[in-house]
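Chemist: Numbering (my numbering), first residue to last: 762 to 1327.
Using N, Cα and C, we set each Cβ at its ideal position, and we do this for glycine too.
Below are the structure tokens for one structure; questions will follow.
Next up, the structure:
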């Protein structure tokens, strides 16, 4: 009897260990996400519209560069992602037919997180609480996150971005690099922030921190930081859905009604993204200018083409601003970019007439990009970014968490929050971003999800407002979006939807047309009138009557170290 009992115990333990091993293997299985092109004919009942770009504004085919062109010899780096099981976050179910990417940046338990939300080096744990911690209570708490984490480097190994003396010649900059065992990959002057920055790489294998300290001590160097990594914020669907996802986005944003008043004509939007297929029928005559910040030969990419389509599509699909002009800025090789390339992209957009900048990517807090965004906002440009797809447990991702940026989270067809969407008091508004039908390279179409596409929809709505009144200032535009948004979730402002889902028609109606008296707020909006109640709350911005014009004024630039509440 005793022998039989011991045999059963051993058999049970063996079976348990096999099951646990299979579970771990399934959670950590590595797969490279592939872009999806859906070629079925969409049943979209939207009439074709050709953009009527003002003939007085000629597109630049080869625009002059304000900064010296350089060639960056670093090719795209592959990103390893992990397959994720279905997550259960509150009452928001995960769609069974969609595949979600993991957090793009390290997750950790509270004892190992810095004040700004970044993980410290001592213990980086996956969302399942697999990291070891001396505090058992903290370790148990870590298991509450149902999203496993694929930890990747926050910066490119052995690379630095440094502000250097602007009077140095190329030869002198190369000599500066050699003195410190570095190679100068690229350097140029950036008028946007009035400084010269270079990209440097360690060539002799020394520890990065040692090189950084020595290089920063040189009299010709003003500052040194890692070349941080930025990642596009899309999620590919593995199976197409029935019906037309594009139609639900139009109805949710009330775009058909808004297009009776504005189409984004003569408004320029810089799209900092991957390559855009300007020859796609949905984007015909919409790309007025282009700039390759990478200096690469890579062709159009599914993400950049989709983002442009969400804004300006005008054939079988309809974007939120079908007559806007696009400055196509290639900053991502595949799905990755870096601090230096994003800086080049922001500089180009600000120097070449962009009024709105769409940033459907996310990364860590970055001193150089924060500085560039502050300078861009001071020029009166509207900055819009994806909140991020790292989920409920993620710390704030940037540039969305910058107080000068309008951060957008994603909703689905039932007005539920996209389960992978970031949360936080920096979320401004939400917009459709789940199972969106968009153009893809080579004349194809795709069904895709992510806060990337929510941000693109809102960039288009912003273009409608600027067509309506070109004197509208960024803070007034932000407040208009917030005040006219359709409240979702708990009453009033929250960390999931911000002030609610954007309402293009209500927003356009709330903005006075140029040289006209203010128009009354649109009827039919369901936004709850809770602004008065929130005015006294700390960390919230009251929705007052902002000044709508004043060319000599510039938007206030916040220097706060933490994400500001919207």
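#1: So, does the CB of residue 1207 fall closer than 9 Å to a CB anywhere in chain B?
#2: Rounding to the nearest angstrom, what Cα-Cα distance links residue 1194 and residue 1024 in this structure?
#3: Is DSSP giving residue 1272 helix, strand or coil here?
#4: Is residue 1245 near residue 1275, with beta carbons less than 9 Å apart?
#5: For residue 951, which option in 1059, 1071, 1105 and 1055 has the closest C-alpha, if you only look at C-alpha atoms?
#6: Return the CA-CA distance between residue 1143 and residue 935, expressed in angstroms with no decimal places.
#7: Quick check: what's the CA-CA separation for residue 1138 versus residue 1260?
#8: With distances taken Cα to Cα, identify the nearest neighbour of residue 1113 among 1087, 1130 and 1101.
#9: Please classify residue 940 as buried or exposed, where buried requires at least 16 other C-beta atoms within 10 Å of its C-beta.
#10: For residue 954, count the other beta carbons within 10 Å of its own beta carbon; 16 or more makes it buried, fewer makes it exposed. Which is it?
#11: By the DSSP assignment, the beta strand (DSSP E) with residue 1159 in it spans what residues?
#12: Enumerated in chain order, which unbroken segments of the alpha helix (DSSP H) with a length of 4 residues or greater are wholly contained in the stretch 1000-1053?
#13: So, is residue 1021 buried or exposed, given that buried needs 16 or more other C-beta atoms within 10 angstroms?
#14: Would you mind giving the Cβ-Cβ distance between residue 1190 and residue 1226, rounded to the nearest angstrom? I have them listed as a contact below 8 Å.
#15: Excluding the 5 residues flanking residue 1238 on each side, which residues of the same chain have their C-beta closer than 7 Å to its C-beta?
#16: If you reduce the DSSP assignment to three classes, tell me which class residue 1205 lands in.
#17: Taking the alpha carbon of residue 1200 as the point to measure from, which residue in 1100, 1072, 1164 and 973 has its own alpha carbon closest?
#18: Cutting at 7 Å between CB atoms, please list the residues of its own chain near residue 1204, excluding the five before and the five after it.
#19: Label residue 1230 either buried or exposed according to how many other C-beta atoms from any shown protein chain fall within 10 Å of its C-beta, with 16 as the threshold for buried.
#20: Can you check whether the CB of residue 1035 is closer than 9 Å to the CB of residue 1416?
#21: Using 8 Å for Cβ pairs, my map puts residue 1212 next to residue 1162. What's the rounded Cβ distance?
#22: Whether or not the stretch 1117-1133 and the stretch 1144-1163 are in contact is what I'm after, with contact meaning three or more pairs of Cβ atoms, one per stretch, closer than 8 Å; do they touch?
#23: How many angstroms separate the CA atom of residue 920 from the CA atom of residue 963?
#24: Taking the CB atoms as reference points, tell me whether residue 1256 and residue 1150 lie closer together than 9 Å.
#25: Does residue 1173 come out as helix, strand or coil in the three-state DSSP assignment?
#26: Check the C-beta distance from residue 958 over to residue 922 and give it rounded, since I have them as a contact under 8 Å.
#27: Hey, could you find the ends of the beta strand (DSSP E) residue 918 is sitting in?
#28: In terms of residue numbering, what span does the beta strand (DSSP E) encompassing residue 1193 cover?
#29: List the residues that DSSP assigns as beta-bridge partners of residue 1117.
#30: Based on Cα-Cα distance, which residue from 1129, 1100, 1134 and 1128 lies nearest to residue 1110?
#31: If you draw a straight line from the alpha carbon of residue 974 to that of residue 1054, how long is it in whole angstroms?
#32: Any idea if residue 1074 is buried or exposed, counting beta-carbon neighbours within 10 angstroms, 16 or more meaning buried?
#33: Can you tell me whether residue 935 is helix, strand or coil according to DSSP?
#34: Provide the residue span of the alpha helix (DSSP H) that contains residue 1166, from first to last.
#35: Which one of 1187, 928 and 1103 has the shortest CA to CA distance from residue 1331?
#36: Take the Cβ of residue 1140 as the centre, count every other Cβ of all protein chains shown within 10 Å, and call the residue buried at 16 or more, exposed below.
Modeler: Checking against the coordinates, here is how it stands:
#1: No chain B is part of this structure, which consists of one protein chain only.
#2: Mapped onto the chain shown, residue 1194 falls at position 433. Mapped onto the chain shown, residue 1024 falls at position 263. Cα-Cα distance, rounded: 21 Å.
#3: Here residue 1272 refers to the residue found at position 511 of the chain shown. Of the three classes helix, strand and coil, the one that applies to residue 1272 here is coil, per DSSP.
#4: Within the chain shown, numbered from 1, the residue matching residue 1245 stands at position 484. Within the chain shown, numbered from 1, the residue matching residue 1275 stands at position 514. No.
#5: As a first step, residue 951 must be located in the chain shown, where it is residue number 190. That would be 1105, whose Cα lies nearest to the Cα of residue 951.
#6: To locate residue 1143, count along the chain shown from 1; it is residue 382. To locate residue 935, count along the chain shown from 1; it is residue 174. Between the C-alpha atoms of residue 1143 and residue 935 there is a straight-line separation of about 37 Å.
#7: Against the chain shown, residue 1138 aligns to sequence position 377. Against the chain shown, residue 1260 aligns to sequence position 499. So the alpha carbons of these two residues sit roughly 21 Å apart.
#8: Against the chain shown, residue 1113 aligns to sequence position 352. Ranking the options by Cα distance to residue 1113, first place goes to 1087.
#9: As a working note, residue 940 is residue 179 in the chain shown. By the 16-neighbour rule on beta-carbons within 10 angstroms, residue 940 is exposed.
#10: Taking the chain shown and counting its residues from 1, the one referred to as residue 954 is at position 193. With 16 or more other Cβ atoms within 10 Å, it is buried.
#11: Residue numbering aside, residue 1159 sits at position 398 when the chain shown is read from its first letter. For residue 1159, there is no enclosing beta strand (DSSP E), as DSSP marks it with neither H nor E.
#12: Within the stretch 1000-1053, the complete alpha helix (DSSP H) runs of at least 4 residues fall at 1006-1014 and 1016-1019.
#13: The residue given as residue 1021 occupies position 260 in the chain shown. Residue environment: residue 1021 is assigned as exposed (fewer than 16 neighbouring CB atoms within 10 Å of its CB, all protein chains considered).
#14: In the chain shown, the residue the question calls residue 1190 occupies position 429. In the chain shown, the residue the question calls residue 1226 occupies position 465. That pair is no contact at about 13 Å.
#15: Taking the chain shown and counting its residues from 1, the one referred to as residue 1238 is at position 477. Here the set comprises 1143, 1223 and 1226.
#16: Your numbering for residue 1205 matches position 444 in the chain shown. In this structure, residue 1205 counts as strand in the three-state DSSP scheme.
#17: As a working mapping, residue 1200 is identified with position 439 in the chain shown. Nearest C-alpha to residue 1200: 1072.
#18: Looking up residue 1204 in the chain shown gives position 443. Only 1041 and 1042 meet the Cβ criterion.
#19: Here the question's residue 1230 lines up with position 469 in the chain shown. Classification of residue 1230: buried, given that the 10 Å Cβ count is 16 or more.
#20: As displayed, the chain neither begins before 762 nor continues past 1327, which places residue 1416 out of reach and without an answer.
#21: One-based indexing of the chain shown puts residue 1212 at position 451. One-based indexing of the chain shown puts residue 1162 at position 401. Rounded to the nearest angstrom, the Cβ distance from residue 1212 to residue 1162 is 13 Å, too far for a contact under 8 Å.
#22: Proximity of the stretch 1144-1163 to the stretch 1117-1133 meets the contact definition, three or more beta-carbon pairs being nearer than 8 Å.
#23: In the chain shown, residue 920 corresponds to position 159, counting from 1. In the chain shown, residue 963 corresponds to position 202, counting from 1. Approximately 6 Å, taken between the alpha carbons.
#24: In the chain shown, counting from the first residue as 1, residue 1256 sits at position 495. In the chain shown, counting from the first residue as 1, residue 1150 sits at position 389. Not closer than 9 Å, so no.
#25: As a first step, residue 1173 is located in the chain shown; it is residue number 412 there, counting from the start. Three-state DSSP puts residue 1173 in coil, outside helix and strand.
#26: Here residue 958 refers to the residue found at position 197 when the chain shown is read from its first residue. Here residue 922 refers to the residue found at position 161 when the chain shown is read from its first residue. In this structure residue 958 touches residue 922 by the C-beta definition: roughly 6 Å separates them, less than 8 Å.
#27: Taking the chain shown and counting its residues from 1, one reaches residue 918 at position 157. Looking at the DSSP string, the run of the beta strand (DSSP E) that includes residue 918 is 916-925.
#28: As a working note, residue 1193 is residue 432 in the chain shown. From DSSP, the beta strand (DSSP E) with residue 1193 extends over 1188-1193.
#29: As a first step, residue 1117 is located in the chain shown; it is residue number 356 there, counting from the start. The partner list for residue 1117 (beta bridge, DSSP) reads 1030 and 1143.
#30: For the purposes of this step, residue 1110 is taken as the residue at position 349 of the chain shown. Comparing Cα-Cα distances from residue 1110 to each of 1129, 1100, 1134 and 1128, the minimum goes to 1134.
#31: As a working note, residue 974 is residue 213 in the chain shown. As a working note, residue 1054 is residue 293 in the chain shown. So the alpha carbons of these two residues sit roughly 29 Å apart.
#32: Within the chain shown, the letter at position 313 stands for residue 1074. Buried, because 16 or more other Cβ atoms sit within 10 Å of the Cβ of residue 1074.
#33: As a position in the chain shown, residue 935 is number 174, starting the count at 1. Taken through DSSP and simplified to helix, strand or coil, residue 935 comes out as helix.
#34: Reading the chain shown from its first residue, position 405 is the one you call residue 1166. Counting along the chain, residue 1166 falls outside any alpha helix (DSSP H), and DSSP gives it neither H nor E.
#35: Shown here, the chain extends from 762 to 1327; a query on residue 1331 therefore has no answer.
#36: For the purposes of this step, residue 1140 is taken as the residue at position 379 of the chain shown. Exposed, because fewer than 16 other Cβ atoms sit within 10 Å of the Cβ of residue 1140.
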